[in-house]
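Visitor: For reference, the structure I am asking about is given below.
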């Protein structure tokens, strides 16, 4: 019996449920010599805003027990830079491209979509409403349901392509945001962004990151993300892309059982770029072992 | 750039605190260019997850070797690596040193075990020149015989005067430099950042070429995470350049040093 690994996010079909977390995979070329980009269900690129952005000072990352902090600050080439530099490269692959978009102000979200929407290579937008490391945008929109909904509605009015708001983990009720995203016209939601966090050097008394604070990623956040996906799945009926500390196939399978239709490998890319391959193979093997014929049959099957 | 499960052939004390790790890596070994590095997944690193970058001392068709000193959690955990262990590496990474200019006199400048990263370059260069190696003490000056065997004129300096000229590497380099046709020098540098800056400043002041191998904390090693960025001068200011992908070798004039 052949197993159908494909899933749908709005009108976008992914050949398997596995993508990468924005910011952990560059724009594609960085890992192209190490893994076959055609294997991925989708490539999610680093955040793009309308203009070039310089990002934070260094140090930008700090390794913690089991994970890492980052405060990169969304440096990037801007929408036109992305089209010029990376679209010709990404076009060579038959893998859909999810462009993560962000803005310093609300209007930026519309502007960046206007600039990118003509590129066929751009398959969908992940709307960053939850970056903990950029003062102007990101989390300012992600922790208040009114501005959260307005950004999604603004983007919805600009494009027919699937839109996927990325949710902050540090909200009291993730279900409210999941439902608000659905009501505002989102095709799916991503859960979760990194967890706001901090580390201090006890000799210098200074924060380990130039930005003082950063986002925690890696295995330590996985149980938090599983609970958020579980809660959001109960609250809305659009697909969820689950992420947070996926290092092994079993982690991805757990996300799907909790309610994720798709999963993203993040920090593990830095540790072992073959993780994506292993996760795809592992999901397929698990479905076979459980006698399931499609990845979608696994989604939300948790007995709770 | 390839990921490979390399087998440990040798893991021994080299000199003083320095250790040598020799790996059978038939995929990565032949790819190595002078000045490139490896990202190594340290076995039994416990609850720390990221790979560690190492410059490459020797490389060939069979594999590669790194010289290192325990300086933190990652390198401390490496003490447990045994011959026969499998070590996961990604390499070879970064842009190495450029092809040396045949019309110039090649000069190597290194601090501590930074000279290990210059060995492949020194070996493959047709023209051999002068090598200035600085360290705290005689025990920190590595590979003198090896570089001499390649035909290099090695000039050690030590902070305590236990070998060669007493002082920083510049204590030997400066008086020598002043007697040369300075603009015909091409200097290849690897060592701590203050030393890179000291040589880089001289290169700009006296108008010679200096290729510097920059060291900055890294995570991914392939240009994706944007951890290891440095400021590279542009026409109207500066931009971030990734040490791992755009470097680690930069010409002295490219770098905007932070105050």
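Chains as they are written, first to last, in UniProt numbering: chain A, 1 to 304; chain B, 1 to 259.
Even glycine gets a Cβ: it sits at the ideal position worked out from N, Cα and C.
All values reported here derive from a predicted model rather than from experimental measurement.
Please state whether the Cβ-Cβ distance between residue 109 of chain A and residue 74 of chain A is less than 8 Å.
Guide: By one-based count along the first chain, residue 109 of chain A stands at place 109. By one-based count along the first chain, residue 74 of chain A stands at place 74. No. Outside cutoff.
Visitor: Alpha carbon to alpha carbon, how far is residue 1 of chain B from residue 280 of chain A? Give it in angstroms, no decimals.
Guide: Within the first chain, residue 280 of chain A is the residue found at index 280, counting from 1. Within the second chain, residue 1 of chain B is the residue found at index 1, counting from 1. Those two C-alpha atoms are separated by around 23 Å.
Visitor: DSSP three-state label for residue 83 of chain B, please.
Guide: Counting from 1 along the second chain, the entry for residue 83 of chain B is found at position 83. The answer is coil: DSSP assigns residue 83 of chain B none of H, G, I, E or B.
Visitor: Give the secondary structure of residue 59 of chain B by DSSP, where H, G and I count as helix, E and B as strand, and everything else as coil.
Guide: The residue you call residue 59 of chain B lines up with position 59 of the second chain. Strand, per DSSP.
Visitor: Measuring CA to CA, which of A:59, A:205 and A:43 is closest to residue 375 of chain A?
Guide: Since the displayed chain A opens at 1 and closes at 304, residue 375 of chain A lies outside it and no answer follows.
Visitor: At what residues does the alpha helix (DSSP H) containing residue 74 of chain B begin and finish?
Guide: Residue 74 of chain B sits at position 74 when you count from the first residue of the second chain. That run of the alpha helix (DSSP H) goes 73–77.
Visitor: Could you give the distance in angstroms between the alpha-carbon of residue 261 of chain B and the alpha-carbon of residue 193 of chain B?
Guide: Since the first and last residues shown for chain B are 1 and 259, residue 261 of chain B lies out of range.
Visitor: Give the single residue among A:33, A:72 and A:27 whose Cα lies nearest to the Cα of residue 42 of chain A.
Guide: For the purposes of this step, residue 42 of chain A is identified with residue 42 of the first chain, where counting begins at 1. When only C-alpha atoms are compared, the closest one is A:27.
Visitor: Give the straight-line distance between the Cα atoms of residue 152 of chain B and residue 106 of chain B, rounded to the nearest whole angstrom.
Guide: Here the question's residue 152 of chain B lines up with position 152 in the second chain. Here the question's residue 106 of chain B lines up with position 106 in the second chain. Whole-angstrom Cα-Cα distance: 10 Å.
Visitor: Taking the CB atoms as reference points, tell me whether residue 199 of chain B and residue 109 of chain B lie closer together than 8 Å.
Guide: Working through the second chain from its first residue, we reach residue 199 of chain B at position 199. Working through the second chain from its first residue, we reach residue 109 of chain B at position 109. Contact flag set, yes.
Visitor: Taking only beta carbons into account, state which residues of the region 61–82 of chain A come closer than 8 Å to chain B, listed in chain order.
Guide: Taking a C-beta cut-off of 8 Å against chain B, the contacting residues of the region 61–82 of chain A are 61, 63, 65, 66, 67, 68, 70, 72 and 75, listed in chain order.
Visitor: Specify, as a first and last residue, the run of the alpha helix (DSSP H) that residue 195 of chain B falls within.
Guide: Stepping through the second chain from its first residue, residue 195 of chain B is reached at position 195. Looking at the DSSP string, the run of the alpha helix (DSSP H) that includes residue 195 of chain B is 193–206.
Visitor: Give a yes or no on whether 8 Å exceeds the smallest Cβ distance from residue 20 of chain B to chain A.
Guide: Along the second chain, one-based indexing puts residue 20 of chain B at 20. Residue 20 of chain B does not count as touching chain A.
Visitor: What is the rounded straight-line gap between the Cα of residue 44 of chain B and the Cα of residue 112 of chain A?
Guide: On the second chain, position 44 is the one that residue 44 of chain B refers to. On the first chain, position 112 is the one that residue 112 of chain A refers to. Cα-Cα distance, rounded: 45 Å.
Visitor: Residues of the region 266–293 of chain A with a CB closer than 9 Å to any CB of chain B: list them in chain order, please.
Guide: 267, 268, 269, 270, 271, 272, 273 and 274
Visitor: Which value, in whole angstroms, describes the spacing of the CA atoms of residue 243 of chain A and residue 191 of chain A?
Guide: In the first chain, the residue the question calls residue 243 of chain A occupies position 243. In the first chain, the residue the question calls residue 191 of chain A occupies position 191. When rounded, the distance between both Cα atoms is 6 Å.
Visitor: Using a cut-off of 9 Å between C-beta atoms, extract the partners of residue 86 of chain A located in chain B.
Guide: Here residue 86 of chain A refers to the residue found at position 86 of the first chain. In chain order: nothing, as chain B lies at least about 13 Å away.
Visitor: Can you tell me the Cα-Cα spacing of residue 35 of chain A and residue 93 of chain B, whole angstroms?
Guide: Mapped onto the first chain, residue 35 of chain A falls at position 35. Mapped onto the second chain, residue 93 of chain B falls at position 93. For residue 35 of chain A and residue 93 of chain B, the distance between alpha carbons rounds to 15 Å.
Visitor: Apart from the five residues on each side of it in sequence, which residues of its chain come closer than 7 Å, Cβ to Cβ, to residue 270 of chain A?
Guide: For the purposes of this step, residue 270 of chain A is identified with residue 270 of the first chain, where counting begins at 1. The answer, listed in chain order, is 24.
Visitor: Measure from the alpha carbon of residue 69 of chain B to the alpha carbon of each residue in B:231, B:142 and B:225, then state which is nearest.
Guide: Mapped onto the second chain, residue 69 of chain B falls at position 69. Residue B:142 is the option with its Cα nearest to residue 69 of chain B.
Visitor: Tell me whether residue 194 of chain A sits in a helix, a strand or coil according to DSSP, three-state version.
Guide: Counting from 1 along the first chain, the entry for residue 194 of chain A is found at position 194. Note: residue 194 of chain A maps to coil in three-state DSSP.
Visitor: Using the beta-carbon count (16 or more within 10 Å), is residue 49 of chain B buried or exposed?
Guide: Position 49 of the second chain, counted from the start, is the residue given in the question as residue 49 of chain B. Around the CB of residue 49 of chain B, 16 or more other CB atoms lie within 10 Å, so the residue is classed as buried.
Visitor: Could you give the residue range of the beta strand (DSSP E) that holds residue 251 of chain B?
Guide: Numbered from 1 along the second chain, position 251 holds the residue referred to as residue 251 of chain B. Where residue 251 of chain B is concerned, the enclosing beta strand (DSSP E) stretches over 249–251.
Visitor: Rounded to whole angstroms, what's the CA-CA distance from residue 247 of chain B to residue 82 of chain A? Just pull it up for me.
Guide: Start at 1 with the first residue of the second chain, and residue 247 of chain B comes out as number 247. Start at 1 with the first residue of the first chain, and residue 82 of chain A comes out as number 82. Rounded to whole angstroms, residue 247 of chain B to residue 82 of chain A spans 22 Å at the Cα level.
Visitor: Skipping 5 residues on each side, what residues in its chain have a beta carbon closer than 7 Å to that of residue 287 of chain A?
Guide: Along the first chain, one-based indexing puts residue 287 of chain A at 287. These residues qualify, in order along the chain: 3, 295 and 298.
Visitor: Using a Cβ-Cβ distance under 8 Å, would residue 227 of chain B count as near chain A?
Guide: Within the second chain, residue 227 of chain B is the residue found at index 227, counting from 1. Yes, contact with chain A.
Visitor: Under 8 Å: do the region 16–27 of chain B and the region 53–70 of chain B share three or more Cβ pairs, one atom per stretch?
Guide: The region 16–27 of chain B makes contact with the region 53–70 of chain B: 3 or more CB pairs, one atom from each, lie closer than 8 Å.
Visitor: Classify residue 387 of chain A as helix, strand or coil using the three-state DSSP reduction.
Guide: A question about residue 387 of chain A goes unanswered here, because the residues of chain A that appear run from 1 up to 304.
Visitor: So, using beta-carbon positions, are residue 285 of chain A and residue 20 of chain A closer together than 8 Å?
Guide: Taking the first residue of the first chain as position 1, residue 285 of chain A is located at position 285. Taking the first residue of the first chain as position 1, residue 20 of chain A is located at position 20. Taking 8 Å as the Cβ cut-off, residue 285 of chain A and residue 20 of chain A do not qualify as a contacting pair.
Visitor: What span of residues does the beta strand (DSSP E) with residue 62 of chain A cover, start to end?
Guide: If you number the first chain from 1, residue 62 of chain A lands on position 62. Annotation: the continuous beta strand (DSSP E) that includes residue 62 of chain A extends over 61–64.
Visitor: Since residue 240 of chain A is in the beta strand (DSSP E), which residue starts that stretch and which ends it?
Guide: Taking the first chain and counting its residues from 1, one reaches residue 240 of chain A at position 240. Start and end: 240–243.
Visitor: Roughly how many angstroms separate the alpha carbons of residue 249 of chain B and residue 226 of chain B, rounded to a whole number?
Guide: Position 249 of the second chain, counted from the first residue, corresponds to residue 249 of chain B. Position 226 of the second chain, counted from the first residue, corresponds to residue 226 of chain B. Near 17 Å, if we compare the C-alpha coordinates of residue 226 of chain B and residue 249 of chain B.
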